[in-house]
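Input: a single structure, listed below in structure tokens.
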Amino acid sequence: MTGYGDAHLHAEGVSVSVEIRSVNNRYFKLTVRGNELFSGLESQIESLTRKHINRGTVTVNLRVKSDATADKYRIDTDVLQSYVKQIREMSGQIGIAETPHLDSVLLLPGVVQENTDNDDEQFNAWPVIEKTLKVALEKFDAMRQHEGETTTHDLRENLGIIAKHLQEIEVQSPNVVAGYRDRMTERVNKVLEEFDVSVDPSTLLREVAIFTDRVNISEEVVRLKSHLQQFEMFLEQKESAGRKLDFLTQELFRETNTIGSKANDAEIAKGVVEMKTAIEKIREQVQNIE
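The sequence shown begins at 18 in the numbering used here and counts up one residue at a time.
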């Protein structure tokens, strides 16, 4: 399910910024981006994130900055002396009496180095990272909650459209057989009058019975009603139901498609088209549901 949440926190000499983004995916896929120094915390970040998110392609952007302290940095004297020596040699070669200024040399790469121990840094920073991540996940959940309410409303509207047309189809279905019987009787009577022949009534009844069985959609109607009831039930549940709704959407389409192929009636065909349109909208929305 799509979502966004961010948080910023400064504590215990550490500044942490977390940004969470999620887009639709049938499965859970996490990518953590940020300071390479804290890459070893990815398993903890994933464990905490999974408690809030079950499906989706999730990206966690992590930025961590430690406050500067006197013992956090050291000057690499070998690198410093090498720079000074090279500058003096170059000055002599080009005939310029140039004395290197210490404040300028200190800005050169590698002169000032950070004293870091990855394990210690991760251990000290994790409590702050954890707090920040939890706040970002709470904001993420709040956004998804709002989106979920909107999505549920939209899903129910489309379920209502399907139920409405299904009811109309159920009413129209017996008329399909009656219309076929009347047309068949009319044609047979025409042939009898034209060629002065007779036909066994049981033959006519058998043909109508075969047609009735072929266009009978009562089982599909019953299953569709059941699927609609289950869909509504899953929407009421608090736990994750995305996969179940995805499966039910496929079943809704399958049963509706079968009705369209069996019904052999223009009015029913119109209703089927409307139902398929609503199901397609449901299919798109279900991808947003965890």
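Even for Gly, the Cβ is constructed at its ideal location relative to N, Cα and C.
Quantities reported herein were computed from a predicted structural model and do not represent experimental measurements.
It is roughly 20 Å from the alpha-carbon of Ser278 to the alpha-carbon of Ser243. When secondary structure is reduced to three states using DSSP, Ala28 falls in the strand class. Within the DSSP bridge table, the entry for Glu36 names Asp23, Asn78 as partners.
Nearest to Gly22 by alpha-carbon distance, out of Ala28, Ile37, Glu29, is Ile37.
Going by C-alpha positions, Asn233 is about 38 Å away from Glu256. Residue pairing from DSSP places Lys46 in a beta bridge opposite Thr74. Annotated three-state conformation of Gly51 is strand, per DSSP.
As the crow flies, the alpha-carbon of Phe55 is around 53 Å from that of Ala180. It is roughly 53 Å from the alpha-carbon of Glu29 to the alpha-carbon of Ile296. The three-state reading of DSSP puts Val129 in strand, counting E and B together. Less than 8 Å divides the Cβ of Val77 from the Cβ of Leu47. Around the beta carbon of Thr266, a 10 Å sphere encloses 16 or more other beta carbons of the protein chains shown; the residue is thus reported as buried. As computed with DSSP, Ser83 is found in a beta bridge with Val31.
For the pair Glu291 and His163, the CB atoms are not nearer than the 8 Å cut-off. A residue is called buried once 16 or more other Cβ atoms fall within 10 Å of its Cβ, and Ile62 is buried on that count.
For Val101, the closest C-alpha among the options Ser190, Leu119, Glu237, Glu249 is that of Leu119. Annotation: the continuous alpha helix (DSSP H) that includes Thr294 extends over 283-303.
Excluding five sequence positions before and after Leu262, the CB atoms of its chain that fall closer than 7 Å to its own CB belong to Phe248, Phe251, Val303, Ile306, given in chain order. Spanning the alpha carbons of Ala283 and Val238 requires a straight line of approximately 17 Å. Of all alpha-carbon atoms in Thr149, Glu166, Ile113, the one lying nearest the alpha-carbon of His27 is that of Thr149. Remark: C-beta atoms of Gly20 and Asn41 do not approach each other more closely than 8 Å. Spanning the alpha carbons of Leu58 and Ser64 requires a straight line of approximately 10 Å.
Between the alpha carbons of Ser83 and Phe45 lies a distance of about 31 Å.
For Gly109, the uninterrupted alpha helix (DSSP H) run begins and ends at 94-110, by DSSP. C-alpha of Leu245 to C-alpha of Lys156: approximately 32 Å in a straight line.
Per DSSP, Thr273 is one residue of the alpha helix (DSSP H) stretching across 259-280.
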